[in-house]
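>
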Ligand SMILES: Cc1cc2nc3c(=O)[nH]c(=O)nc-3n(C[C@H](O)[C@H](O)[C@H](O)COP(=O)(O)OP(=O)(O)OC[C@H]3O[C@@H](n4cnc5c(N)ncnc54)[C@H](O)[C@@H]3O)c2cc1C
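In our numbering, the protein residues as written are -12 to 226.
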């Protein structure tokens, strides 16, 4: 399988760095192909504007999605976006590796999504959710937190981690059609000590090697929604 890891940490010696380093080793050892976009090392520019394009649909008024649809038609994406699009379309499994920042993605990774998940080529015109471009492919978040697991339970101070990750898992990855696997989370990465971190690395190996058999998070399908994009009574009943 082809794995694409989008890695968002500025320090190669960080635990995030260790997780990505190990992922590459373990996956390649069993014959998978791995590409890593190390966003800080690449000095990836997360700012989205006219520099995303070599083409121009409307020179008087910049509307990103209009320009993306146009660039899709005329092959008008800037080289850095083009390169990421090719990796994205090449992969069978997409992994985001990142430290949780302000309950979300670090800006460099959010900016990568803003610039690379383009209208036309990646979504739009009925291509979304189960009809998405990446249907049949898998995606997974691998993240570290500062806070402990208990802080992210349903009754925890910070709230349920799955609600926190919903905008990424559902709003980004599922939106473009991926089957989204449960996240791999290292809780309190800086506080837990070397022994526990070593154990997490072993757990991550197992998660990576069992990706083909891992069931995706169950989201309702498009067919479960009515013309107002609300769950049909029949779908509510089956819950
Ligand atoms: C802007 C910002 C916002 C944040 N927002 C949040 C938030 O909303 N919620 C939250 O919970 N936290 C938050 N944090 C904290 C952040 O999530 C954690 O600091 C981060 O997840 C820790 O991961 P790391 O890779 O940076 O750890 P590091 O501190 O880089 O690494 C932890 C330890 O692992 C060691 N290590 C490295 N490699 C290995 C190895 N192979 N084996 C064993 N040990 C190793 C390192 O030497 C280090 O001692 C925020 C931090 C910032 C800067």
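By construction, the Cβ of each residue, glycine as well, lies at the ideal position given by its N, Cα and C atoms.
Note that this is a predicted model, so its numbers are computed, not measured.
For residue 86, which option in 4, 181, 218, 141 has the closest C-alpha, if you only look at C-alpha atoms?
As a position in the chain shown, residue 86 is number 99, starting the count at 1. The candidate whose alpha carbon is nearest that of residue 86 is 4.
> Output needed for residue 222: all residues of its chain with C-beta closer than 7 Å, excluding positions within five of it in sequence on either side, in chain order.
Working through the chain shown from its first residue, we reach residue 222 at position 235. Hits under 7 Å: 207, 211.
> Note down the Cα distance separating residue 193 from residue 100, rounded to an integer number of angstroms.
Along the chain shown, one-based indexing puts residue 193 at 206. Along the chain shown, one-based indexing puts residue 100 at 113. Going from the Cα of residue 193 to the Cα of residue 100 covers about 27 Å.
> Which residue comes first and which comes last in the alpha helix (DSSP H) that contains residue 148?
Along the chain shown, read from residue 1 onward, the residue named residue 148 stands at position 161. It spans 148 to 155 - the alpha helix (DSSP H) in which residue 148 sits, taken as one unbroken run.
> Given this structure, state the Cα-to-Cα distance separating residue 37 from residue 189, to the nearest angstrom.
If you number the chain shown from 1, residue 37 lands on position 50. If you number the chain shown from 1, residue 189 lands on position 202. About 44 Å.
> Can residue 86 be considered in contact with ligand 1, in the sense that its beta carbon sits closer than 7 Å to one or more heavy atoms?
One-based indexing of the chain shown puts residue 86 at position 99. Yes, the Cβ of residue 86 comes within 7 Å of a heavy atom of ligand 1.
> Residue 166 by DSSP, collapsed to three states: which one?
Sequence index remark: in the chain shown, residue 166 carries index 179 (1-based). Correct three-state label for residue 166: strand.
> Should residue 131 be counted as a contact of ligand 1 given a C-beta to heavy atom distance under 7 Å?
Against the chain shown, residue 131 aligns to sequence position 144. Yes, the beta carbon of residue 131 sits closer than 7 Å to at least one heavy atom of ligand 1.
> Is residue 227 near residue 25, with beta carbons less than 8 Å apart?
The question about residue 227 has no answer, for the chain in this structure spans -12 to 226.
> Does DSSP put residue -5 in a helix, in a strand, or in coil?
Numbered from its first residue, the chain shown carries residue -5 at position 8. Coil.
> Would the C-beta of residue 215 count as close to ligand 1, meaning under 7 Å from any of its heavy atoms?
The count along the chain shown starts at 1 and reaches residue 215 at position 228. No, the beta carbon of residue 215 sits no closer than 7 Å to any heavy atom of ligand 1.
> Less than 7 Å between C-beta atoms, sequence neighbours within five positions excluded: which residues of the same chain meet that for residue 157?
On the chain shown, position 170 is the one that residue 157 refers to. Only 206 meet the Cβ criterion.
> Whose CA, out of 83, 165, -12, 224, lies closest to the CA of residue 18?
The count along the chain shown starts at 1 and reaches residue 18 at position 31. Ranking the options by Cα distance to residue 18, first place goes to -12.
> Reducing DSSP to helix, strand and coil, say where residue 2 ends up.
Start at 1 with the first residue of the chain shown, and residue 2 comes out as number 15. Of the three classes helix, strand and coil, the one that applies to residue 2 here is helix, per DSSP.
> Going by beta carbon distance, what residues of the same chain come within less than 6 Å of residue 148, once the five residues before and after it are set aside?
Taking the chain shown and counting its residues from 1, the one referred to as residue 148 is at position 161. The residues are 139.
> For ligand 1, is there any heavy atom lying closer than 7 Å to the beta carbon of residue 71?
As a first step, residue 71 must be located in the chain shown, where it is residue number 84. Result no, Cβ not under 7 Å from ligand 1.
> Could you give the C-beta distance for residue 134 and residue 175, rounded to a whole number, given that I count them as a contact under 8 Å?
Counting from 1 along the chain shown, the entry for residue 134 is found at position 147. Counting from 1 along the chain shown, the entry for residue 175 is found at position 188. Contact flag correct, Cβ pair sits at about 6 Å.
> Is residue 2 near ligand 1, judged by its Cβ being under 7 Å from some heavy atom?
Indexing the chain shown from 1 puts residue 2 at position 15. Because some heavy atom of ligand 1 lies under 7 Å away, the Cβ of residue 2 counts as near it: yes.
> Rounded to the nearest angstrom, how far is the Cβ of residue 130 from that of residue 198, given a contact under 8 Å?
For the purposes of this step, residue 130 is taken as the residue at position 143 of the chain shown. For the purposes of this step, residue 198 is taken as the residue at position 211 of the chain shown. So it is not a contact: roughly 16 Å between Cβ atoms.
> Cα separation between residue 106 and residue 196?
Position 119 of the chain shown, counting from 1, holds the residue named residue 106. Position 209 of the chain shown, counting from 1, holds the residue named residue 196. Their Cα atoms are separated by approximately 33 Å.
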